[in-house]
Structure formats: C-alpha cells, structure tokens
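Let me begin by presenting the structure, written as structure tokens, before commenting on it.
Residue numbers (my numbering), protein chains in the order written: chain A, 1 to 304; chain B, 1001 to 1304.
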C-alpha cells in the first residue's frame, strides 16, 4: 500500500514512475544548504516531512471520499477504508523513524518541531472538515485554517532544513516563517487551480472544486462579498443536495463579477512577498536562497 | 474529542470519571522501578505508550464500526468518521511529543523503539483486518498477528520503562520480551472474555465475539480442529450474511466439545510463564518485580 501510494509501484507491485512534486523535501534540502549545511545532512528530515505529507494525503482521501489522485485510484479504493487508515498510520510512524537516522542532539528538537507542526496540520484538517459541515466561514477563519493545514508542514520543511544545518535559533525561525508563507501561497494557488485550472494540465474536471462544493478561498470570498439574491442563491447552492449544470455556471459567473480571481492572486502574491522578506532577513547562503526563490516562483506560476 | 475519548470529559465537555485500565503505563512505571529507576523518570514514556494505545483504539473503532467502548459512544459515532481519523492522528503525534519531555540522550533510542513497535502494531492491525476478510487462518498466523497487534505495545511499555531507568541493553531486552508475553497473555484472556465473559462484568452481550463473527483465538482453534459436518457448518456461519440464534448456540456448543476454553487457558498460562521467566532472568529490583507479577496475575484472572 505504501509503495503504491508513493508511486513506486503499481497496484500489482510492478515498478512504476513516481508521482508527486516532492516540494516539501526539496525545500527542506534547500533550506539546509541556505543555512550553510550539506544537503545530505537534511535527508532524514526531508524524508520525514514528505512521509508526514503523504500520511495526511492517504487519510484525506478517506475522509473526503476522493477516488483519484494523480489519475490513479486512491489507496482506500483499492484496499478499503480500514486498510487505508492503517497505511496512513504507518506512514506517520515511519516519518518519526526517519528522524532518528540523524544521530545527533538535534533529533529531539527536530522531533518536537515536526510533532508540533503535525498536530497543527491535523488541527487544520479538523477545521476544514468542520467548515464543510456548514455555517459561515469568514476569510480570516479560512486563512487561519490553511495556515495550519498546509502552512504548518511547509514551516516544518524549512525549519528542519535549518536545524540539520545547525543554524541559529533566529535563522531556523526565519526559515520556518518563510515556509509558512510559501505554504499559504501554495494553498491559495491550489484553490485557484481547483476552479480556474486547465483541465489538460491539472487532470481534474473544469471547476472541479465547485462541482464537489468545496469551500475554498474563492468561494469563501464570494460568500463574504455577494449580496441580495446572488448571495441567497450561492448559499443555496452550497447547502443543496444536488448540483445542476446551471449552478456551476452561476457560481463561475458570480466569482467573475466579484473579482474573486484577482483577490486570490493578490492574496497569493502577498504571501510570496512575505516569504521572500523572511528569506532576506535571515543570514543565508546566497546561491541556495536564490534556488528557494525559484521554487517560490514555481509555486505561484505552476498551472498543475 | 481527545478529552472525551480518554474519559476525562463527557460529550458536552463536562468533567467525567476516567475510564480504561491504564495497564500499559502502569507496567512502564513498574518496569522503570524494577530496573532501579525512579518511576517519575518514566512518566513521559508511560504517557506516550498510553497515547499510542488510544490512537489505535480510536482508529480501530472506525475500522470495525464499533459504536460503544466502555459503555460510551465511540468518537466516530459522536463526531463522524473523518474527525475520528483526525483524533487518532493527533493522539499519535501527541505520543511523540510526550517522549521529548525527557531531555536526555535516551529520547532517540526511546523514539526509535516506540516507532518500531507502533509500526508492528499497525502491521498486526493490517493482518487482523485481512484475516476477517476471509480465507483460512492458522493458529500460528493468529498468534503472530496478536504478537504484533497487542504484544508489541506491551513490549514497548516495559522496554521504555527500562530505558528511562538507564537499564543495560540486556535488561531492556528482557523487559521487552516479558512485556510481549504479557501482551499475548492479555490478548488471549481478552479473546476468552469475548466469548465466555460475564455479561454483568464485561458490559458486553453473551458470546459477543461470536455475534460479530470475530475470528478470535477460540474460533481459529475450532476452525483448525473441527471436522466433517461440524467444520462445514462452522465455516458457513463465519461466511454467511446473517447470523441466527441457532448459529450462536451451535458455535458455543462446538467450542465446548472441542475443549477450546481449556486450550485458550493453556495458551494464556504458557505466555504468563514465559513472561515470568524473562522477569526472573533479568537483573531487577525485587519489590518492583513482585508488583509486576501481581499485574500479570490480574491480567489473567480479570473477568472484565
């Protein structure tokens, strides 16, 4: 199950082409180099972060009932929900095991940091599910949720890179804040792709997140800004049992007229700017910091 | 959710009487004393083991669809399956966080040990679910499964107590093997109570595990020993969609005639004897070792 989920094997156990962007471990290795360390030192930490990320994906697919990921059946579709819960649990335990590959005092600090961020991530997941359950969600509450659900693990990725390099507490904290802002920018971009993404590039249907009535940032924005009849219809769409084709085009049109795309782009740009200024404030190796800026650009310009 | 599950609060957040036997943390503290340490030193480890145990209970209830635990609604009944998955995830992350409260080099060894045993426990859970899915299960395979599912965490409880006391690697290993055998004895006793337990003491219906068609040790034994028509009917009962009242009394009678209860009692006694001889082989404080023997007696004589 684990090898399948990580994309190393197909469902029959034959070797397969690995999937996933591996963004978090790449950022962890770059943060280590930026803080003056050899990237190799951060490998166990980078693996741990990627394993925590994948544990959350496997459980997330169960929780949301998602049947596909990267165009492949999700783990619970192939092995059932109970075994998928086990697969996620095993990935989380493996993440901790990976940490202890670094036989230095920094393991305790790294373990504490990863656990705290993992808890934050789970807390974000709790909020996300509660939001979907109903009731109004403010933009502030939504941003606080994604700061935990996505930001926390990007924070861990960069902080752990710093720890592996033996960086000062101030530099580790700066790297962490940079990671948090990158994570926020990444999630906002993800929310945009969920509605305005190119079908051929994302592999998802047009307006995918509207069809599954996910309360992502553009929708939370619209629910806060729409008025009168439009607000009423929007609320009805996000409460109703069934979604008509007319509902989808109504929501797409309303997002357009409210300027939701521009709002989201501003929000993403703001987080990128904040991330870059955290990077500039820290005392880092310039070449590695440049590479991190390139990753930040990729995060915001990617269309898949 | 966590406070409710641990029995500290009721579903409305009001203080409640805590439930659960807290066997594993008690054994961890006693193992620490037996190895010559102050029990207080092992508190973070004992908490970690109890949290890992509770993470597994919350996910187990989701996986098995169990609606009651200690006579109270399970977490997924009150908050839904997705949130219950999150609650379990948080307990596992908290377990690791608890480990780092011990600011000594032993944290790395403790973390590795707990992670390895947690993985073993999840592996046992994978086997358990696969067994329920169908096909023949041998007694050997069943015992290998409960050695992982239950034995591994009892092993961790006693090993971590030894680590907290700064015991020698040999003593830590002896304590771990003692814990594994105690866990096996505990699980066998649990399997017996699931069929022959007193309704008033266990809070479960008569022959509870037959009604839910759980392939516990007495049933695996019967499936291996029964012959002819009896075997055929037993196999049919454990495959069929519905269970009649006649089926339950047939199985109870068959277990009787095959001597399943005596077989299980022998098995439990054998694991207790093995546990006590591991204890005798280790170089331990006698008073604490005596207390551990009392816990072992309780494990095997309890009727709830």
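Even for Gly, the Cβ is constructed at its ideal location relative to N, Cα and C.
Residues that residue i contacts on chain B, provided the C-beta gap is smaller than 7 Å
{"i": "residue 82 (chain A)", "result": "1063, 1129"}
{"i": "residue 273 (chain A)", "result": "Near residue 273 (chain A) there are no residues of chain B at all, since even the closest Cβ is about 31 Å away, more than 7 Å."}
{"i": "residue 372 (chain A)", "result": "The structure shown does not extend to residue 372 (chain A), since chain A spans only 1 to 304, so no value can be given for it."}
Under 7 Å from the C-beta of residue i: neighbouring residues of chain A
{"i": "residue 1096 (chain B)", "result": "96, 111, 115"}
{"i": "residue 1118 (chain B)", "result": "93"}
Under 8 Å by beta carbon: chain A residues contacting residue i
{"i": "residue 1092 (chain B)", "result": "89, 92, 93"}
{"i": "residue 1074 (chain B)", "result": "Simply none; closest approach about 14 Å."}
Reference residue i, options the options, closest by Cα
{"i": "residue 362 (chain A)", "options": "A:68, A:92, A:112, A:89", "result": "The structure shown does not extend to residue 362 (chain A), since chain A spans only 1 to 304, so no value can be given for it."}
{"i": "residue 1065 (chain B)", "options": "B:1186, B:1214, B:1039", "result": "B:1214"}
{"i": "residue 1149 (chain B)", "options": "B:1268, B:1183, B:1133", "result": "B:1183"}
{"i": "residue 260 (chain A)", "options": "A:94, A:211, A:196, A:12", "result": "A:196"}
{"i": "residue 1093 (chain B)", "options": "A:249, A:118, A:44", "result": "A:118"}
{"i": "residue 1040 (chain B)", "options": "B:1011, B:1001, B:1164", "result": "B:1164"}
{"i": "residue 1297 (chain B)", "options": "B:1271, B:1281, B:1286", "result": "B:1271"}
{"i": "residue 4 (chain A)", "options": "A:69, A:255, A:169, A:293", "result": "A:69"}
{"i": "residue 1302 (chain B)", "options": "B:1242, B:1198, B:1267, B:1061", "result": "B:1198"}
{"i": "residue 110 (chain A)", "options": "A:81, A:47, A:63", "result": "A:47"}
{"i": "residue 211 (chain A)", "options": "A:194, A:174, A:185, A:280", "result": "A:194"}
{"i": "residue 941 (chain B)", "options": "B:1246, B:1188, B:1063", "result": "Residue 941 (chain B) lies beyond the range of chain B shown here (1001 to 1304); nothing can be said about it."}
{"i": "residue 91 (chain A)", "options": "A:59, A:10, A:11, A:285", "result": "A:59"}
{"i": "residue 168 (chain A)", "options": "A:123, A:277, A:187, A:34", "result": "A:34"}
{"i": "residue 226 (chain A)", "options": "A:245, A:242, A:250", "result": "A:250"}
{"i": "residue 285 (chain A)", "options": "A:22, A:38, A:24, A:230", "result": "A:38"}
{"i": "residue 230 (chain A)", "options": "A:245, A:258, A:242, A:241", "result": "A:258"}
{"i": "residue 1281 (chain B)", "options": "B:1238, B:1300, B:1170", "result": "B:1170"}
{"i": "residue 1085 (chain B)", "options": "B:1290, B:1124, B:1001", "result": "B:1001"}
{"i": "residue 1083 (chain B)", "options": "B:1071, B:1072, B:1061", "result": "B:1061"}
{"i": "residue 25 (chain A)", "options": "A:36, A:45, A:124", "result": "A:45"}
{"i": "residue 12 (chain A)", "options": "A:20, A:49, A:73", "result": "A:73"}
{"i": "residue 1283 (chain B)", "options": "B:1201, B:1192, B:1174", "result": "B:1174"}
Beta-carbon neighbours of residue i, restricted to chain B and to distances below 8 Å
{"i": "residue 306 (chain A)", "result": "Because chain A in this structure spans residues 1 to 304, residue 306 (chain A) falls outside the shown range and cannot be described."}
{"i": "residue 122 (chain A)", "result": "1086, 1089, 1090, 1093"}
Along the region 1030 to 1062 of chain B, what residues have a CB closer than 7 Å to any CB found in chain A? 1059, 1062
Quick test of the definition: if touching needs 3 or more C-beta pairs under 8 Å, does the region 217 to 225 of chain A touch the region 1021 to 1030 of chain B? no
Length-filtered (4 minimum) alpha helix (DSSP H) runs lying within the region 241 to 293 of chain A: 245 to 258, 260 to 281
Would you list, in chain order, the members of the region 1194 to 1213 of chain B that have their beta-carbon closer than 8 Å to a beta-carbon of chain A? none
Quick one: which unbroken alpha helix (DSSP H) runs of 4-plus residues sit fully inside the region 1017 to 1065 of chain B? Chain order, please. 1023 to 1034, 1043 to 1064
Does the contact criterion of 3 or more C-beta pairs under 8 Å hold for the region 38 to 55 of chain A versus the region 8 to 18 of chain A? no
Does the region 148 to 166 of chain A come close enough to the region 178 to 196 of chain A to have 3 or more Cβ pairs within less than 8 Å? yes
Per the contact definition of three or more C-beta pairs closer than 8 Å, is the region 1072 to 1079 of chain B in contact with the region 82 to 100 of chain A? no
For a minimum of 3 consecutive residues, which ranges assigned as the beta strand (DSSP E) are wholly contained in the region 57 to 131 of chain A? none
In the region 1200 to 1233 of chain B, which residue ranges form an unbroken alpha helix (DSSP H) of at least 4 residues, counting only runs that do not cross its ends? 1208 to 1211, 1217 to 1225
Counting pairs of Cβ atoms below 8 Å between the region 1220 to 1234 of chain B and the region 1132 to 1141 of chain B, do you hit three or more? yes
Continuous beta strand (DSSP E) assignments of at least 3 residues falling wholly in the region 1124 to 1181 of chain B: none
Tell me, please, whether the region 1224 to 1237 of chain B touches the region 1247 to 1257 of chain B by the rule of three or more beta-carbon pairs shorter than 8 Å. yes
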